[in-house]
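Numbers -31 to -1, 1 to 100, taken from mature numbering (1 follows the signal peptide of the UniProt record, and there is no 0), label the letters of the sequence shown in order. Backbone N, C-alpha and C define an ideal beta-carbon position, used for all residues, glycine too. The structure under discussion appears below in the form of structure tokens.
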Amino acid sequence: MTKQTSWTAGRRALTALLTAGAVLAPMQARAGQYWCDGTVSQTWLDSDGLLYVYSSWRNQNTRLCSLNQTLTGNAVTISPATCAGWLSLIKQSMANAKPVTIYYVDSPVACDQLATYEQAPLPRYVMLKTS
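Written as structure tokens, this is what we have:
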């Protein structure tokens, strides 16, 4: 291989690498803030004290917190006392047909694509709305 051919091959490889980087960069998972608004039609606790909701924005079961242990993840820490308060808000929401907002501070996906069950990111807060 001549010096010119080697230089051209290296330039082509660098161009291909930069092009691939430009194409793939937007595909990287980026965490974002999401305010999930809607209603909760079901809530349940499992034997480990994990609180789940079935919401209108996801139409799947997602874990919110634990009544038995502190959960930490995605820049959020939720104590059992906070979880008990959230359960109270969810119960009020369901009993009075009121919407809620659940805020995710560092979620890799939007509300309708949240992971389900224990894989769901931890929320920052639960808000009971009047309408």
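Simplified DSSP state of residue i, which is helix, strand or coil
{"i": "G26", "result": "The residue asked about is misnamed: residue 26 is Trp in this sequence, not Gly. Reduced to three states, the DSSP call for W26 is coil."}
Which residues DSSP lists as bridging residue i, in chain order
{"i": "R32", "result": "Y21"}
{"i": "D6", "result": "T70"}
Residues near residue i by beta carbon distance below 7 Å, same chain, minus five either side
{"i": "A79", "result": "Y3"}
{"i": "R93", "result": "V45, Y72, Y73 and V74"}
{"i": "A89", "result": "T31, R32 and L83"}
Check whether residue i and residue j have beta carbons under 8 Å apart
{"i": "L91", "j": "L40", "result": "yes"}
{"i": "Q38", "j": "L97", "result": "no"}
{"i": "C34", "j": "T12", "result": "no"}
{"i": "N14", "j": "L36", "result": "The identity of residue 14 in the sequence shown is Leu, whereas the question assumes Asn. Yes, the Cβ-Cβ distance between L14 and L36 is below 8 Å."}
{"i": "I71", "j": "V45", "result": "no"}
Neighbourhood of residue i by C-beta distance below 6 Å, restricted to the same chain and skipping five residues each side
{"i": "S24", "result": "G7 and V9"}
{"i": "A66", "result": "none"}
{"i": "E87", "result": "R32"}
{"i": "Q18", "result": "Sequence inspection shows Gly at residue 18; the Gln mentioned does not correspond to that position. Correct list, in chain order: S35, L36 and N37."}
Contacting residues, own chain, Cβ-Cβ under 8 Å from residue i (five flanking each side not counted)
{"i": "P68", "result": "D6, G7, T8, S62, K98 and S100"}
{"i": "A(-1)", "result": "N43, D75, S76 and P77"}
{"i": "T85", "result": "R27, Q29, N30 and T31"}
Where in the segment 24 to 99 do unbroken runs of the alpha helix (DSSP H), each at least 4 residues long, occur, reported from the N-terminal end onward?
49 to 64
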